[in-house]
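K.L.:
2 protein chains.
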Amino acid sequence: MSSLTIGAVCDPEDEILVAEPYYTNYRGFAHLLGCQVVPVPTFAKEGFKVSPERVRAAITSKTRLLVVPSPGNPTGAVLSHQDLQELGSICMDAGIFFVVDEVYREFVYEAKGPDALAPSVLAVPGLEEVAIVVDSVSKRYSACGARIGCLVTRNEALYQACLCFAQARLSPPTVDQFAAEAALRTPRNEMRANIAAYKARRDVVVQGLNEIDGVSCPCPAGAFYLVADLPVDDAEHFCRFLLTDFDLDGQTVMLAPASGFYATPGAGRNQVRVAYVLDIPALKRSLAILQAGLQAYASYRIES
Amino acid sequence: MSSLTIGAVCDPEDEILVAEPYYTNYRGFAHLLGCQVVPVPTFAKEGFKVSPERVRAAITSKTRLLVVPSPGNPTGAVLSHQDLQELGSICMDAGIFFVVDEVYREFVYEAKGPDALAPSVLAVPGLEEVAIVVDSVSKRYSACGARIGCLVTRNEALYQACLCFAQARLSPPTVDQFAAEAALRTPRNEMRANIAAYKARRDVVVQGLNEIDGVSCPCPAGAFYLVADLPVDDAEHFCRFLLTDFDLDGQTVMLAPASGFYATPGAGRNQVRVAYVLDIPALKRSLAILQAGLQAYASYRIES
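Just so you know, the protein sequences line up as chains A and G, in that order.
Take 3 as the starting number for the first sequence in this note's numbering and just add one per residue.
Take 3 as the starting number for the second sequence in this note's numbering and just add one per residue.
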């Protein structure tokens, strides 16, 4: 869907602003179509909020899109209705589209009630011509290999352009279409029970991480990821060490080095992305392994 | 898969030679990546064979690929081992890749035995560095909505480039992967029984069409399509007439105007593509309807 959006909106050489750290594949999709991803940095100490000032400063005559996932991968940050309004109004003024990747819409932990959802850009009045939502069933229903998504726009010209691309693409997989239709009938309260389980996981992981010496992370308001600072120079090297040179009673943990989510050189080098998708006992055990791994890594670095 | 090939091999502005008439989506895939499709015409009177001379004449410094489906959509033409050798050697000399779309490989009607297959470019010695096969399970197992295909190359640099694209694309649909794996275990003789049914259908349609006044088509050696000349100026107009202004006892036929398969202006205007995928009684009835439709259309044209 992101690829479709870029194809429908951009010409080669155009620029796409993306809140950084960002879903790595945005860069691949853009590159394939000859476009540049321009990162708009966000920071752990600001809870990874997207700053309107930094967005405004990054817009050039080549900018065609601002892309922000909310709830976000990898940071878990959730944009408020007001955030969406502010960013959307900057896009309106600049004459660019505002793409919000809302695939984790249901995964919000502060909102209450069976209909709790992340604020949607579609609900912000006045953005009808510039707001684009990209969505997918994969995250919502743990259907990673399903290839069913959608793009929502009220912009007639964009709709027509997307239709051309969709016709060239023929159809998404048939079986997945039937499965998605059935999945969409999942009762809301069942979904909320699932979200409550994720919230409990998040709380265990956030508390556990912040209790480890030198580790810190903001508490994400949505999705099922977080980005944590580790007391290491090179998180990629540490992640590899965990897999090849370390174990705690025969077990280890695999973390995603966050540098792959950054385009800014050197950014995120001490960070990792954590996906809290296991059950609580496994998460607690993982935290213990990570803590022991960090201690072992400190000795290993001194020795080597 | 065709899209992947173009992405991996071509830069924007590059040219792709395609035997014409061709599968319409090649043009969409190419356009999306900023490349040009350059048609190499083939003709009914030559059984839609791809002429080595015309290929050689069409190659320029911008040409990166020659794409030929065999067995072909929409013509049903099948390249012989010698055809593949000749075309492949032209590609070798020109330093371009030779892409053969072999999705209809099993659908050949002149070869005998349970292992009968269309000649493959992979079996032509000396073409290892330039031959590319694109394939899919969709046609072979009547699984139109399955989104599982592959690209085969022995060229190491191309393989690495394709791997980058594949990693950006993540995975094809999971359920379809399992289904494809099961389908690939279909016994060969079962497949051949299926092919025999298609052959019988082909024979009925080819004979029936050539018996209609003013209609002609070569007998296709493979796939399940054919391109027929009709005694009309504008086949698209005639096809529309069949759907909107004609019926025989409440029934009509839908044909694909062939002009959509041509990039050369004006080419194929009197042609239609026929897919002979129904059972024989339905095909016979369709031929009768087409014959009546052509008669009615002739009167309709004189009157209007």
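Glycine included, each C-beta is placed from N, C-alpha and C at the ideal position.
Keep in mind the model is a prediction, meaning the values are calculated, not measured.
#1: With DSSP collapsed to three states, give me the class of A:LEU19.
#2: Does G:ASP178 get closer than 8 Å to chain A when you measure Cβ to Cβ?
#3: Name the DSSP beta bridge partners of A:VAL274, please?
#4: Skipping 5 residues on each side, what residues in its chain have a beta carbon closer than 6 Å to that of A:ALA182?
#5: Could you confirm whether any beta carbon from chain A is found closer than 8 Å to the beta carbon of G:PRO14?
#6: Is the beta carbon of A:SER122 sitting closer than 8 Å to the one on A:GLU104?
#7: For the alpha helix (DSSP H) containing G:GLY151, list its first residue and its last residue.
#8: Counting contacts by CB-CB distance shorter than 8 Å, is A:LEU6 in contact with chain G?
#9: Write down the C-beta distance between A:ARG56 and A:ILE18 rounded to the nearest angstrom, noting that I regard them as a contact closer than 8 Å.
#10: If you follow the beta strand (DSSP E) that A:ASP137 is in, where does it begin and where does it stop?
#11: Can you tell me where the alpha helix (DSSP H) with A:PRO283 in it begins and where it stops?
#12: Considering only residues of the segment 9–64 of chain A, which uninterrupted beta strand (DSSP E) runs meet the minimum length of 3 residues and lie entirely inside it, listed in chain order?
#13: In three-state terms, what does DSSP make of G:ASP85?
#14: Comparing the C-beta of A:LEU289 with each C-beta of chain G, is any distance below 8 Å?
#15: Given that A:GLY147 touches chain G, what residues does it touch there, using C-beta distances under 9 Å?
#16: Please go through the same chain and pick out, in chain order, the residues whose beta-carbon is closer than 7 Å to the beta-carbon of G:ILE291, but skip the five residues on each side of it.
#17: Kindly say whether A:ASN157, judged by its beta-carbon, lies nearer than 8 Å to any beta-carbon of chain G.
#18: Whole-angstrom Cβ separation of A:ASP231 and A:ALA79, contact assumed at under 8 Å?
#19: With DSSP run on the structure shown, which of helix, strand or coil describes A:GLY224?
#20: Ordered along the chain, which non-local residues of its own chain (more than five positions away) have a Cβ less than 8 Å from that of A:THR188?
#21: Are any of the Cβ atoms in chain A nearer than 8 Å to that of G:LYS27?
#22: Answer with yes or no whether the minimum CB distance from G:LEU34 to chain A is below 8 Å.
#23: Once DSSP output is grouped into helix, strand and coil, what is the label at G:ARG187?
#24: Could you tell me whether the Cβ atoms of G:LEU257 and G:LEU244 are closer together than 8 Å?
#25: Which residues mark the beginning and the end of the beta strand (DSSP E) in which A:PHE99 is found?
#26: How about the segment 188–205 of chain G and the segment 109–116 of chain G: do they share at least three Cβ pairs that are nearer than 8 Å?
#27: Give the single residue among G:VAL11, G:LEU34, G:PHE50 whose Cα lies nearest to the Cα of G:LEU68.
#28: Going by DSSP, which residues form a beta bridge with A:VAL69?
#29: Which of the residues in the segment 85–116 of chain G, read from start to end, lie with their CB under 8 Å from any CB of chain A?
#30: Got a sec, what are the start and stop residues for the alpha helix (DSSP H) G:GLN162 sits in?
#31: Between which residues of its own chain and A:LEU289 is the CB-CB distance below 6 Å, once the five residues before and five after are set aside?
#32: Along the chain, where does the alpha helix (DSSP H) containing G:LEU244 start, and where does it finish?
#33: Buried or exposed for G:TYR299, going by 16 or more other Cβ atoms inside 10 Å?
#34: Spatial neighbours of G:PRO174 within its chain, please: C-beta separation below 6 Å, excluding the five flanking residues on both sides.
#35: Assign A:TYR161 to one of two classes, buried (16 or more other C-beta atoms within 10 Å of its C-beta) or exposed (fewer than that).
#36: Per DSSP, which one or two residues make a beta bridge with G:GLN209?
P.N.:
On the basis of the data shown:
#1: strand
#2: yes
#3: A:ALA230, A:PRO259
#4: VAL139, ILE150
#5: yes
#6: Yes, these two residues count as a Cβ contact at 8 Å.
#7: That residue, G:GLY151, is in no alpha helix (DSSP H); its beta strand (DSSP E) goes 151–155.
#8: no
#9: That belief does not hold up - the Cβ atoms of A:ARG56 and A:ILE18 are roughly 15 Å apart, past 8 Å.
#10: 133–138
#11: 282–305
#12: 17–22, 38–43
#13: helix
#14: no
#15: At a beta-carbon threshold of 9 Å, the residues of chain G lying near A:GLY147 are LEU172, SER173, PRO174, PRO175, THR176, VAL177, ASP178, GLN179, ordered along the chain.
#16: LEU250, GLN253, THR254, VAL255
#17: no
#18: About 15 Å; that fails the 8 Å criterion.
#19: Annotated three-state conformation of A:GLY224 is strand, per DSSP.
#20: TYR143
#21: This sequence places Asn at residue 27 of chain G; Lys is not what is there. Yes, contact with chain A.
#22: yes
#23: It is coil, neither helix nor strand.
#24: yes
#25: Residues 99–103.
#26: yes
#27: G:VAL11
#28: A:VAL20, A:VAL101
#29: Taking 8 Å as the Cβ-Cβ cut-off against chain A, none of the residues of the segment 85–116 of chain G qualify.
#30: 158–170
#31: So the list reads GLY210, once near-sequence residues are dropped.
#32: 237–246
#33: buried
#34: ARG149, ILE150
#35: exposed
#36: Paired residue(s): none; G:GLN209 is not in a bridge.
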